[in-house]
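If you read the sequences in order, they're chains Y and L. For reference, each letter of the first sequence is one residue, going -17 to 104 in our numbering. For reference, each letter of the second sequence is one residue, going 35 to 752 in our numbering.
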Amino acid sequence: MSHFSVSFDRRTGGADAPVRVLALRGELDAHTAPDFEAALQACLDDGDHRLVADGSELDYVSSAGLGVFMAFVEPARDGGGDLKIAALSERVFEVFDLLGFPTVFDMHETLDGAIAAFEEAP
Amino acid sequence: MVAVGLVATVAAVRASQASLGPGAPLALDLAAVAAAVLLYLAVVRPRTAGPLQTLAVPLAFGLGVLAMTAIAAASHQGTLDPKTAMPSDPATALWTGILGGAELGLAVVVLASLRPLALHRRRQPTAVAWGVLLGLSVVAALLVAGHPITSLAPPLLVLPVVGTVGAAAGLALRQRWIGALTSGQRLAAAGLALGLAATLTALVYAQMDGPALLLIGDGTGEVRAVPHVMALSRSLSVLVLLSLAFGGLYALAAGLTLLLGPSADTQVQRAGERRALQSLADLSGRLLDRSALAAAVARGPVEAGLGAAAWVALTDPAHGRITPEVVAAEGIPIETAAQAADADALYRAAVDHKGPLVLTHAEADHRVHARPGDGIASLVVLPLGGPDARGSGRLTRGVLLVARGTAEPFDPDDLAALDTFAGQAALSLSHADLFADALERERLARELTLAREVQQRLLPQSLPRIDGVEIAAAERPAREVGGDYYDAVRLGDDCVGVIVADVSGKGAPAAFYMAEMKGVFQAASRLTRSPGELLAGANDALAPSLARGVFVSAAYAVLDADAGTLALARAGHTPAVLVRDRDRADGGRWLLRGGGLAIGLDRGGTLFRQSLCEQTLQLAPGDTLLLYTDGLVEARDGGGTEYGYDRLAAFVEAHAHEGALDLRDRLLAEHRAWSGSDEPDDDTTFVVIRWAGRGESVAAVDVSAGPPVSERPAFSSP
């Protein structure tokens, strides 16, 4: 049984252009990917397109989980924002890296770095 | 009124009879029988009262007639003139009119009262017996029509009389109405029934013997005694006698059954219902077809005599029908049933009602659209399965409607039986649902098996044979079909291309992309020998058709046996394992991880090309390359530990010298042993490519800084 949760109630940054932080926890796999999808969709529906996935407590990601990132980066960018990935553990980063995610995604070692990246290049 | 008029006329004509024509007695008898039949038809009603009241009415009437008979016997000895069979004096004429009329009235009341009891939950044999009883009584009456009362009865009379008695006995033995009574009611009903039996027996006796008879004759010679009613009409007296005898017999049987045979009787009473339930239970065991089951559910109440018509309306979630529709009807055309009532509204009302919903005057209900001719006067609505507690909405639900042609109320035990029946029916229907589910699963399994066979044919049936090259492959899908793909094609005489690819996700969707990947690979491998160009072409071809969030990782190696070189490119795929013979100075094991994005990650293809690298290698004899999907390294043992790249590379290094085929078999066994299961968690595929060499000797190279490969971008920057 995989345990996964995503909380996405945190907004940071300027009030006119907030950055929405999605804190991922546990295992992101085929069973839990729909939860992450729903959370991202809710953010987009709220009009938030500047999104950071905080992966500091993400233990595992499967190809289904990676697919969610792929599916939502374009809508976020089309909305003038981005979906950045931050603070992955070494093991989880390795999975992203193997597939070439760092080439396509803006990935940061720290959450603050990812949030700051929005300020530098909104 | 007509009947009373006829009786009065008969009495008057009799009383004033002088010498009418020879046909007059016959006409009078016929008129009397007609009057009796009309009187019966005027009085008879569908059952509107309880059984106690039903018994009390004829008992009271009977006691009244008995009292009158006693008074007549005590006050006056009536006589008839032997020649004319007319009352000899006015008092006799008066009593003849009063008592004869009263006896006829009693006979009609007895029949009309007992009819609803005898026909309780009318069944075909009972209805026939009742018809025989009435019909043969009339026949018996007609047989004596016109016969002078002084003459002997015609011998033929015995036949209808015996038939009548037989029908009466048959009816008396079937006391189904008793089951509706509480124990207190049973005792009261027994008293009433036995009282009625005694009264009617006394009256029957008074018809045949005793002081209340009229004497024919002057006291000399042969004297015959006849009942008063016979002085009115001989036919009428036959009718009265037979009716009273039937009433006495039926009441006696009812009384005895009420007193002595409660349990046995209940069993007889329930037999029909049990049969109906049993037939349904049998059906549910064998026939799990919804429509056959629905037909049986509609048939049950009608066969058990609980209603004149019944129909079933069901939802069909499997076919997207969420409001109940009439699917079966019994005793009523299905079209009529469908029009007759708003099944959905009644279903919801019955669910809210938490039990059988009874509409005694159904035609007055706004949810019932039946017309008077449709035979729907009262209606019971029984939900088949309540609201789906789990909210999955997958189960069939609906309603069973049972109608009667009369507005009579349904007995409590009728309702209990119907309720039980509906519960059983709902259970059977849910079994049918489960069965359909199982059938669907089986069909799916068959299709998956077929899909697996199709996918198996997409994998190479044989691998290219090239001198100096050993190739061995294995694949273990996690399900019947998977998203792993490998292939090997000969490129010219001395060259072979080997690809391993992994579509993200599992099952059927992944299998479709795998098939597409095969087409792309087969086409592109003929156009280029460059691994980088092939993968870039694959990205161009596949990316637009991949669903959002689906990607494909792939590794492609081209071995040129003539040149003794190998070229490799990796599109986000697991790093290839390279092992060089440990006996060599440059021996070792490496994970080859050139740059490259998974196919689909960059749909435009620019980033894909920019990041893609090609690695090339001068092969030394014994060099072994393993291309594989992540199922191989992500296999977990019982403790949850991943097999991992290091273990894999070490295993390949340890067994590479055994040859490609043996290495493949060992690796399969290792994978199975590690995961401890014959069913891998993830699709697992790998291909071993071993360069046995062609007897050449290759100088050792410097591997101190990494694998003996050179790497360059697959596409030079513009």
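Backbone N, C-alpha and C fix where the C-beta goes; we use that ideal spot for every residue, glycine too.
The three-state secondary structure of Y/Val3, taken from DSSP, is strand. For the set Y/Asp27, Y/Val34, Y/Ala20, Y/Tyr42, the Cα lying nearest the Cα of Y/Ala5 is the one of Y/Val34. In terms of Cβ geometry, L/Leu449 and L/Val392 form a close pair [threshold 8 Å]. Inside the segment 315 to 356 of chain L, DSSP marks whole alpha helix (DSSP H) runs of 4 or more residues at positions 324 to 337, from first to last along the chain. Going by beta carbons, L/Asp536 and L/Gly639 fall outside the 8 Å limit. One thing to note: L/Gly674 has its Cβ no nearer than 8 Å to the Cβ of L/Val667. The C-alpha of L/Tyr381 lies about 22 Å from the C-alpha of L/Leu468. For Y/Ser45, the nearest CB of chain L lies under 8 Å from its own CB, placing it at the interface with that chain. The criterion of a C-beta distance shorter than 8 Å is satisfied by L/Leu612 and L/Pro741. For the pair L/Phe555 and L/Ala572, the CB atoms are nearer than the 8 Å cut-off. For the segment 78 to 89 of chain Y, residues whose beta-carbon sits nearer than 8 Å to a beta-carbon of chain L comprise Leu80, Leu81, Gly82, Phe83, Thr85, Val86. If you draw a 10 Å sphere on the C-beta of L/Ala733, you find fewer than 16 other C-beta atoms in it, and that means exposed. Within the same chain, Cβ atoms closer than 8 Å to the Cβ of L/Thr103 are found at Leu133, Leu237, Ala240, Ala246, the five residues on either side in sequence being excluded. Sequence-distant partners of Y/Phe100 (beyond 5 residues in either direction) whose C-beta falls short of 6 Å from its own C-beta, in its chain, are Val1, Arg32. Straight-line measurement puts the Cα of L/Leu416 at about 29 Å from the Cα of L/Leu473. Residues of the segment 50 to 68 of chain Y whose Cβ lies closer than 9 Å to any Cβ of chain L, in chain order: Val50, Phe51, Met52, Ala53, Phe54, Glu56. As for any beta strand (DSSP E) of minimum length 3 sitting wholly inside the segment 627 to 682 of chain L, the runs are 647 to 652, 657 to 662, ordered along the chain. Among the CB atoms of chain Y, one or more fall inside 8 Å of the CB of L/Thr608. The alpha carbon of L/Gly621 has as its nearest neighbour, out of L/Ala690, L/Gly354, L/Thr483, L/Thr113, the alpha carbon of L/Ala690. Excluding its 5 nearest sequence neighbours in each direction, L/Leu695 has C-beta neighbours in its own chain below 6 Å: Ala506, listed in chain order. Judged by DSSP secondary structure, L/Ala127 falls within the alpha helix (DSSP H) whose first and last residues are 124 to 152. Chain L places a beta carbon closer than 8 Å to that of Y/Leu48, counting this residue as a contact. Judged by pairs of C-beta atoms under 8 Å, the segment 592 to 604 of chain L does not touch the segment 703 to 713 of chain L, as fewer than three such pairs exist. About 6 Å separates the beta carbons of Y/Asp64 and Y/Asp88, which is inside the 8 Å limit, making them a contact pair.
Where L/Ala279 is concerned, the enclosing alpha helix (DSSP H) starts and stops at 268 to 294. The shortest CA-to-CA distance from Y/Val74 to any of Y/Asp(-9), Y/Arg(-7), Y/Val(-12), Y/Leu10 is the one to Y/Leu10. 8 Å or more divides the Cβ of L/Leu275 from the Cβ of L/Ala259. Sixteen is the threshold: since fewer than 16 other Cβ atoms of the shown chains lie within 10 Å of the Cβ of L/Lys117, the residue is exposed. Between the segment 721 to 736 of chain L and the segment 647 to 663 of chain L there are three or more C-beta pairs closer than 8 Å, enough to call the two in contact. Secondary-structure assignment with DSSP links Y/Lys66 through a beta bridge to Y/Val34. In the DSSP assignment, L/Thr454 falls within the unbroken alpha helix (DSSP H) covering 446 to 492.
The beta carbons of L/Leu452 and L/Pro390 sit closer together than 8 Å. Inter-residue distance for L/Gly135 and L/Gln458 is about 54 Å (C-alpha atoms, whole angstroms). Along the segment 546 to 586 of chain L, the alpha helix (DSSP H) occurs as fully enclosed runs of 4 or more residues at 565 to 576, listed in sequence order.
Rounded to whole angstroms, the separation of the alpha carbons of L/Leu569 and L/Arg637 is 13 Å. Contact between the segment 173 to 187 of chain L and the segment 263 to 278 of chain L is established, with three or more Cβ pairs separated by less than 8 Å.
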